[in-house]
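Q:
Number of protein chains: 2
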Amino acid sequence: MHQMIENKIQPLLNYISQYVELTDTEKQLLLSKVLYRKYLKGQYVLQQGDICKYECFVLKGCTKMFHVDETGQEHILLFSIEDWWTADMGSFITQAPSDFNVMCLETTELAIFHHDSIETLYKEIPKLERFFRQVIEKAFAASQKRIVRNFSLSAKDRYIYFKTQYPLIEQRIPQYMVASYLGITKEFLSKIKKQLLLDN
Amino acid sequence: MHQMIENKIQPLLNYISQYVELTDTEKQLLLSKVLYRKYLKGQYVLQQGDICKYECFVLKGCTKMFHVDETGQEHILLFSIEDWWTADMGSFITQAPSDFNVMCLETTELAIFHHDSIETLYKEIPKLERFFRQVIEKAFAASQKRIVRNFSLSAKDRYIYFKTQYPLIEQRIPQYMVASYLGITKEFLSKIKKQLLLDN
DNA sequence: TTAAAAAGTTAATCTAGTTTAACATTATTT
DNA sequence: AAATAATGTTAAACTAGATTAACTTTTTAA
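Sequence order for the protein chains is S and P. Position one of the first sequence corresponds to residue 104 (this note's numbering), numbered consecutively onward. Position one of the second sequence corresponds to residue 104 (this note's numbering), numbered consecutively onward.
1. Using 10 angstroms around the beta-carbon of Tyr78 (chain P), count the other beta-carbons present and answer buried if the total reaches 16, otherwise exposed.
2. Examine chain S for any beta-carbon lying closer than 7 Å to the beta-carbon of Arg233 (chain P), and answer yes or no.
3. Does the separation of the CB atoms of Glu212 (chain P) and Lys163 (chain P) fall below 7 Å?
4. Do we get a CB-CB distance below 7 Å when we pair Ala199 (chain S) with the residues of chain P?
5. For the segment 208-238 of chain S, which segments carrying the alpha helix (DSSP H) assignment without a break, of at least 4 residues, lie completely within its bounds, in sequence order?
6. Cβ closer than 8 Å: which chain P residues qualify as neighbours of Ala242 (chain S)?
7. Taking the alpha carbon of Ser183 (chain S) as the point to measure from, which residue in S:Leu292, S:Thr197, S:Thr210, S:Ala258 has its own alpha carbon closest?
8. Output yes if chain P places a C-beta closer than 7 Å to the C-beta of Gln151 (chain S); else output no.
9. Could you give the first and the last residue of the continuous alpha helix (DSSP H) run that contains Ile119 (chain S)?
10. With a threshold of 16 other CB atoms inside 10 Å of the CB of Ser257 (chain P), please say whether the residue is buried or exposed.
11. Between Arg261 (chain S) and Glu124 (chain P), what straight-line distance do the alpha-carbon atoms span, to the nearest angstrom?
12. Run down chain P in chain order and give the residues with a C-beta less than 9 Å from the C-beta of Met192 (chain S).
13. I'd like to know if His170 (chain S) contacts chain P, where contact means its C-beta is closer than 7 Å to some C-beta of that chain.
14. Who are the Cβ neighbours of Gln237 (chain S) in its own chain at under 8 Å, not counting the five residues just before and after it?
15. For chain S, find out if any of its Cβ atoms is closer than 7 Å to the Cβ of Ile119 (chain P); answer yes or no.
16. Apart from the five residues just before and just after Lys230 (chain P), which ones in its own chain have a Cβ nearer than 6 Å to its Cβ?
17. DSSP three-state call for Lys297 (chain P): helix, strand or coil?
18. I'd like the span of the alpha helix (DSSP H) that includes Val281 (chain S), first residue to last.
19. Assuming Met192 (chain S) and Gln247 (chain P) make a contact with CB atoms under 8 Å, what is their CB distance in whole Å?
20. So what's Thr128 (chain P) in DSSP terms, helix, strand or just coil?
21. Helix or strand or just coil, what does DSSP make of Val148 (chain S)?
22. Determine, using beta carbons only, whether Ser194 (chain P) and Cys155 (chain P) come nearer to each other than 7 Å.
23. I need the DSSP call for Thr197 (chain S), collapsed to helix, strand or coil.
24. Cα separation between Val161 (chain P) and Lys136 (chain P)?
25. When the distance is taken between beta carbons, is Leu149 (chain P) closer than 7 Å to Ser201 (chain P)?
26. Would you identify the three-state DSSP class for Glu185 (chain P), choosing helix, strand or coil?
27. Cutting at 8 Å between CB atoms, please list the residues of its own chain near Cys165 (chain S), excluding the five before and the five after it.
28. Residue range of the beta strand (DSSP E) that Glu158 (chain P) falls in?
29. Counting only Cβ pairs nearer than 7 Å, list the residues of chain P close to Leu125 (chain S).
30. Report back the beta-carbon spacing between Tyr139 (chain S) and Ala214 (chain S) to the nearest angstrom; my notes put them in contact at under 8 Å.
31. Mind checking whether Phe216 (chain S) and Glu158 (chain S) have CB atoms under 7 Å apart?
32. Alpha carbon to alpha carbon, how far is Lys111 (chain P) from Tyr269 (chain S)? Give it in angstroms, no decimals.
33. Got a sec: which bits of the segment 254-266 of chain S sit with their beta carbon under 9 Å from any beta carbon on chain P, in order along the chain?
34. Pro229 (chain P) touches chain S at which residues, Cβ-Cβ below 8 Å?
This is the structure we're talking about:
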């Protein structure tokens, strides 16, 4: 039973096992609640203005989470590759319209926790509450540090940090999206890269 | 028993009751683990380079959490007043040296969860794990939105947002700290305020 | 295999916000 | 009440990064 989904979401099970150990019963319950879905490149998992119904774990592929401001400019908050999460936590917990879009940059397979079933899961598998608490703690800590980096580092240093911190991501996405993630224009990132070449 | 601390940390108990309902036994257990401490204006709750041992709930007073960069510049991440939290989550969960300072801007009373006792609390009162998960979810969502605002809004608009969102905080702290929180210089904030006066 | 679309580069001009430095005002301490 | 420290203001000169626009390279699709 659930054999097919179990194979597909194996990376999620491995990931969870880094935090908590599930019994077979718990694992079966989890499998009955977690959804698997495959998206094509360019498809939206979430759109600005919609309510975020899912917390998504990336099994395979790559997504970007971004906000489009009043001037039409796109601001990328997050790239999510294998073993990372994507969702608008604010919209998910309040069930209010989201400020963010999540779009697939490659063919992407997700393990999805639906808002309607996550409470049941927490109640029936308290370990999962522990698991999510820890995952969110990590994400929150990373987010705080990013705010400070954005204040204290120059665009050049932020780029260097990004390169060293996420070398795998840089190879999978166009440069103009890196610029957006760093909060600068593609033209300026181009300038920075040229300068870094000259430095060496 | 615990009568004294119960009185002192009453605001924390009220706050928790917005999320979960504790039995009397659970409350007593909580009281036996939570610390109460009063700090004077100017005292540090946490210093950059130290390991963050506490998650602190502000019962009364006001703190700032900030990072000092290599050039000696101070970057304020967070002001915490009554019913809000302060801690370097990153350092707390990894028990690695912190990048942040937490300093009291007024005489401040804190309810303190020590790293050594929080695991026990989670185990003995699973509801508290639920409580903290929800608190952190909210903080994480706020942090993500702040990153986007910092990218998409001008300094002027960020200040207007701050004013409307945290009118009480603005009245309690010097203007140059607001500037630091917004990621701009005090001189430029001064300019912005003058311009806003002229606008009306 | 070629056209079209998407992504990246370059350089000139411009601007939001910084730096510096001098001065003004408000709190705090004696 | 005076002295000192802390906070806030103003203005001129400066700079990191944006904008605009023309161009090149790479990728995708017909």
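Even glycine gets a Cβ: it sits at the ideal position worked out from N, Cα and C. Just so you know, these numbers come straight off a predicted model, no measurement behind them.
A: Here's the rundown:
1. Since the displayed chain P opens at 104 and closes at 303, residue 78 (chain P) lies outside it and no answer follows.
2. Taking a beta-carbon distance threshold of 7 Å, Arg233 (chain P) counts as an interface residue toward chain S.
3. If you check the CB distance, Glu212 (chain P) and Lys163 (chain P) come in under 7 Å.
4. Taking 7 Å as the CB threshold, Ala199 (chain S) stays off the interface with chain P.
5. With a minimum length of 4 residues, the unbroken runs of alpha helix (DSSP H) contained wholly in the segment 208-238 of chain S fall at 218-227.
6. Chain P residues near Ala242 (chain S): Phe243.
7. Among S:Leu292, S:Thr197, S:Thr210, S:Ala258, the Cα nearest to that of Ser183 (chain S) is on S:Thr210.
8. For Gln151 (chain S), the nearest beta carbon of chain P is not closer than 7 Å to its own beta carbon.
9. First-last of the alpha helix (DSSP H) with Ile119 (chain S): 113-120.
10. Looking at its Cβ environment, which holds fewer than 16 other Cβ atoms inside 10 Å, Ser257 (chain P) is exposed.
11. Each residue's alpha carbon lies about 44 Å from the other.
12. The CB of Met192 (chain S) comes closer than 9 Å to the CB of Glu240, Lys241, Phe243, Ala244, Gln247 in chain P, given here in chain order.
13. The Cβ of His170 (chain S) sits closer than 7 Å to at least one Cβ of chain P.
14. Tyr122.
15. It does not: the Cβ of Ile119 (chain P) has no partner Cβ on chain S nearer than 7 Å.
16. Answer for Lys230 (chain P): Val123, listed in chain order.
17. In this structure, DSSP gives Lys297 (chain P) a helical state, which the three-state scheme calls helix.
18. That run of the alpha helix (DSSP H) goes 278-285.
19. Rounded, the Cβ-Cβ distance is 7 Å, consistent with contact.
20. DSSP places Thr128 (chain P) in helix when its eight states are reduced to three.
21. Here Val148 (chain S) sits in strand by DSSP.
22. In this structure, Ser194 (chain P) places its C-beta atom within 7 Å of the C-beta atom of Cys155 (chain P).
23. In the three-state reduction of the DSSP assignment, Thr197 (chain S) falls in the helix class, which pools H, G and I.
24. Those two C-alpha atoms are separated by around 16 Å.
25. Closer than 7 Å, so yes.
26. Glu185 (chain P): coil per DSSP, three-state reduction.
27. In its chain, beyond the 5 residues on either side, Phe182, Ser183, Ile184, Cys207, Leu208, Glu209, Thr211, Ile272, Arg275, Ile276 have a beta carbon closer than 8 Å to the beta carbon of Cys165 (chain S).
28. Residues 157-163.
29. Under the 7 Å cutoff, chain P gives no residues; its nearest Cβ is about 16 Å from Leu125 (chain S).
30. 6 Å between Cβ atoms; contact.
31. The Cβ atoms of Phe216 (chain S) and Glu158 (chain S) lie closer than 7 Å to each other.
32. Take the alpha-carbon of Tyr269 (chain S) and the one of Lys111 (chain P): they are about 46 Å apart.
33. If you check each beta-carbon in the segment 254-266 of chain S against every beta-carbon of chain P, the ones closer than 9 Å belong to Phe254, Ser255, Leu256.
34. Going along chain S in sequence order, the residues near Pro229 (chain P) (Cβ under 8 Å) are Pro229, Glu232.
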